[in-house]
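Note sheet for the following structure.
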Amino acid sequence: MSKKKILITGGAGFIGSHVVRRFVTQYPGYDIYNLDALTYAGNLANLKDIEHHSNYHFIKGDITDAKFINELFHDYSFDAVIHLAAESHVDRSISNPLDFIMTNIVGTVNLLNAARDIWKNKLTSSSSGRTEEGLFYHISTDEVYGSLGETGLFTETTAYDPRSPYSASKASSDHLVFAYHHTYHLPVVLSNCSNNYGSHHFPEKLIPLAINNIKNNKPVPVYGKGENVRDWLYVEDHARAIDLIFHKGKTGEKYNVGGNNEWKNIDLIQLLCRIMDKKLKRPEGNSAKLITFVTDRPGHDLRYAIDSSKLQRELGWKPSLQFEEGLEKTVDWYLANEEWLAQVTSGEYKNYYRQQYQTL
Ligand code: NAD
Ligand code: TYD
Numbered sequence: 000m001s002k003k004k005i006l007i008t009g010g011a012g013f014i015g016s017h018v019v020r021r022f023v024t025q026y027p028g029y030d031i032y033n034l035d036a037l038t039y040a041g042n043l044a045n046l047k048d049i050e051h052h053s054n055y056h057f058i059k060g061d062i063t064d065a066k067f068i069n070e071l072f073h074d075y076s077f078d079a080v081i082h083l084a085a086e087s088h089v090d091r092s093i094s095n096p097l098d099f100i101m102t103n104i105v106g107t108v109n110l111l112n113a114a115r116d117i118w119k120n121k122l123t124s125s126s127s128g129r130t131e132e133g134l135f136y137h138i139s140t141d142e143v144y145g146s147l148g149e150t151g152l153f154t155e156t157t158a159y160d161p162r163s164p165y166s167a168s169k170a171s172s173d174h175l176v177f178a179y180h181h182t183y184h185l186p187v188v189l190s191n192c193s194n195n196y197g198s199h200h201f202p203e204k205l206i207p208l209a210i211n212n213i214k215n216n217k218p219v220p221v222y223g224k225g226e227n228v229r230d231w232l233y234v235e236d237h238a239r240a241i242d243l244i245f246h247k248g249k250t251g252e253k254y255n256v257g258g259n260n261e262w263k264n265i266d267l268i269q270l271l272c273r274i275m276d277k278k279l280k281r282p283e284g285n286s287a288k289l290i291t292f293v294t295d296r297p298g299h300d301l302r303y304a305i306d307s308s309k310l311q312r313e314l315g316w317k318p319s320l321q322f323e324e325g326l327e328k329t330v331d332w333y334l335a336n337e338e339w340l341a342q343v344t345s346g347e348y349k350n351y352y353r354q355q356y357q358t359l
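This is how it looks when you write it as structure tokens:
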């Protein structure tokens, strides 16, 4: 029997690289195709350890290019898609919303159209969505639900109320994914996850930025008063949830994924400072002196918190790590991978593709 062909988009990014690694190593019976445009957030060095596996294939390409995407799907006849490619940073969406509309909305529609086209003979209202019939798995965020007050949790039935250009573009793509399910019977599944942290995280996001700045004795910018709350999940726990939902999730359903791990930004940064002092053998309290309160993000959502009980109850998933343990592992990774960090911050990582993949 021929191998299943699984397309993973955005596999050179933070979460995507963990998902690609997991699927390539755990499922030798799948051929994994990583489609990535290698924007500033895409770094093939994230996958250095698995790039020579025989079931791993990299394709450089942009999901906003409809013609390219259609041809790709016809050439490869993918059995399933796990879609992570996105513009993902809220601050960038505030300064340049159009990139988010193009990749997150138009790019997703291009993939949906191409999947619908190659699976058209299999699409019926009873499609189970297992890979024999195609499955389109869309990865989304808890930010589509908007902002919570001091109490309450987002459930799968919480009404969408996105408030940044990023979350509005992701909400739009979520709606389109379900529209293709209801209108064309495209077998889809969707998950909305809280903030991830872990290795290979681009240092524009809070945790890797703070680690890098503390290491280099630079100010750690905390927006506003640092009172905003996020629910943090270790990235490998997210990749494990994606694996489970891909294989066992019900077609046409959505699942919330979260760490049940809420932290005010300022408390998180204080904890990180204590861990960094310990790891760098600095006197206690040294790193915390770098904390600098700066102008708040416009429209800054106060609190996100996820109820992941559906995923826990129906598919038996739960987070594996306590936050402090996960944060220590993350700090250890960044301190042990200075070259990765230096190449990302200098921009040199952009040469990796040329060196490894373009031999001419
Ligand atoms: P990331 O920014 O680290 O990576 C995105 C990847 O997509 C990069 O490799 C980039 O090169 C690629 N990409 C961007 N535009 C593209 C295009 N037009 N065509 C092809 N590839 C393109 O993002 P991430 O943090 O790994 O997030 C992955 C997905 O998970 C996103 O859909 C995001 O919305 C979602 N998500 C992220 C978080 C989080 O905490 N980071 C939480 C929940 C959900
Ligand atoms: P971020 O990592 O950008 O993720 P998101 O906006 O998707 O939640 O930010 C996490 C939180 O940290 C958010 O409340 C904004 C805040 N933040 C800072 O206080 N300083 C920073 O330099 C950054 C990047 C974020």
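According to numbering that gives the first Met the number 0, the sequence shown is numbered sequentially starting from 0. From the three backbone atoms N, C-alpha and C, an ideal C-beta is built for every residue, glycine too. In this text the structure is predicted, and so the values were computed from the model without any measurement.
Measuring only from the beta carbon, is residue i closer than 8 Å to any heavy atom that is part of the ligand TYD?
| i | result |
| --- | --- |
| Gly225 | yes |
| Lys204 | yes |
| Tyr333 | no |
| Glu86 | no |
| Leu83 | no |
| Lys270 | The displayed chain sequence assigns Leu, not Lys, to residue 270. Result no, Cβ not under 8 Å from the ligand TYD. |
| Leu208 | yes |
| Asp300 | yes |
| Asp64 | no |
| Asn365 | The requested residue 365 does not occur in the structure, where the chain is confined to residues 0 to 359. |
| Glu142 | yes |
| Tyr303 | yes |
| Val293 | yes |
| Val89 | yes |
| Asn260 | no |
| Arg162 | no |
| Asn264 | yes |
Any heavy atom of the ligand NAD inside 8 Å of the beta-carbon of residue i?
| i | result |
| --- | --- |
| Asn191 | yes |
| His56 | no |
| Gly10 | yes |
| Asn42 | yes |
| Ser307 | no |
| Leu34 | yes |
| Asp61 | yes |
| Ser171 | no |
| Leu37 | yes |
| Ser139 | yes |
Following the continuous alpha helix (DSSP H) through residue i, name the residue where it begins and the one where it ends.
| i | result |
| --- | --- |
| His17 | 13-25 |
| Trp339 | 337-345 |
| Glu313 | 308-314 |
| Leu34 | Unbroken run through Leu34 is the beta strand (DSSP E), 29-35; no alpha helix (DSSP H). |
| Phe72 | 65-75 |
| Leu205 | 205-214 |
| Asp90 | 89-94 |
| Ala113 | 107-117 |
| Ile241 | 234-247 |
| Tyr356 | 350-356 |
For the ligand GDP, any of its heavy atoms closer than 8 Å to the Cβ of residue i?
| i | result |
| --- | --- |
| Val221 | This structure simply doesn't include the ligand GDP; it includes the ligand NAD and the ligand TYD instead. |
Just confirm the distance between the C-beta atoms of residue i and residue j, as a whole number of angstroms; I'd bet it's less than 8 Å.
| i | j | result |
| --- | --- | --- |
| Asp230 | Tyr303 | 6 Å |
| Ile210 | Leu279 | Going by Cβ atoms, the distance from Ile210 to Leu279 rounds to 11 Å, so no, they are not a contact pair. |
| Asn285 | Asp276 | 5 Å |
| Val176 | Thr107 | 7 Å |
| Ile5 | Phe77 | 7 Å |
| Ile62 | Asn109 | 6 Å |
| Gly361 | Asp35 | The chain is shown from 0 up to 359; residue 361 falls before or after that span and cannot be answered. |
Can you name, in chain order, every residue of its own chain whose Cβ lies under 6 Å from the Cβ of residue i, other than the five neighbours on each side?
| i | result |
| --- | --- |
| Gln342 | Tyr348 |
| Phe99 | Glu86, Ser92, Pro164, Tyr165, Ser168 |
| Phe57 | Asn33 |
| Ala238 | His17, Val18, Arg21 |
| Gln355 | none |
| Trp368 | The question about residue 368 has no answer here: the residues shown for the chain are numbered 0 through 359. |
| Lys263 | Glu226, Val228 |
| Ile206 | Tyr196 |
| Leu314 | Leu243, Lys247 |
Apart from the five residues on each side of it in sequence, which residues of its chain come closer than 7 Å, Cβ to Cβ, to residue i?
| i | result |
| --- | --- |
| Val219 | Ala209, Asn212, Ile213, Ile268, Leu289, Ile290, Thr291 |
| Tyr179 | Leu111, Arg115, Leu185, Val187 |
| Leu310 | Ala240, Tyr254, Asn255, Val256, Trp316 |
| Glu235 | His17, Gly197 |
| Tyr144 | Phe153, Thr157, Tyr159, Asp160 |
| Arg353 | none |
From what residue to what residue does the beta strand (DSSP E) around residue i run?
| i | result |
| --- | --- |
| Ile58 | 55-59 |
| Phe135 | 135-140 |
| Asp300 | Neither: Asp300 is in no beta strand (DSSP E) and is coded neither H nor E. |
| Ile7 | 3-8 |
| Thr291 | 290-293 |
| Pro220 | 219-222 |
| Glu261 | 261-263 |
| Lys181 | The sequence shown places His at residue 181, rather than the Lys named in the question. Careful: His181 lies outside any beta strand (DSSP E), inside the alpha helix (DSSP H) at 164-183. |
| Ser190 | 187-192 |
In its own chain, which residues sit with a C-beta less than 8 Å from the C-beta of residue i, not counting the 5 before and 5 after it?
| i | result |
| --- | --- |
| Ala44 | Trp339, Gln342, Tyr348, Tyr351 |
| Thr344 | Pro202, Asn211 |
| Leu359 | Its pLDDT being 43, under 50, Leu359 is placed unreliably in this model, and the value from its coordinates should be taken loosely. Closer than 8 Å at the Cβ level, and outside the excluded window around Leu359, lies no residue. |
I'd like to know if the segment 2-13 and the segment 75-85 are in contact, where contact means that at least 3 CB-CB pairs between them fall below 8 Å. yes
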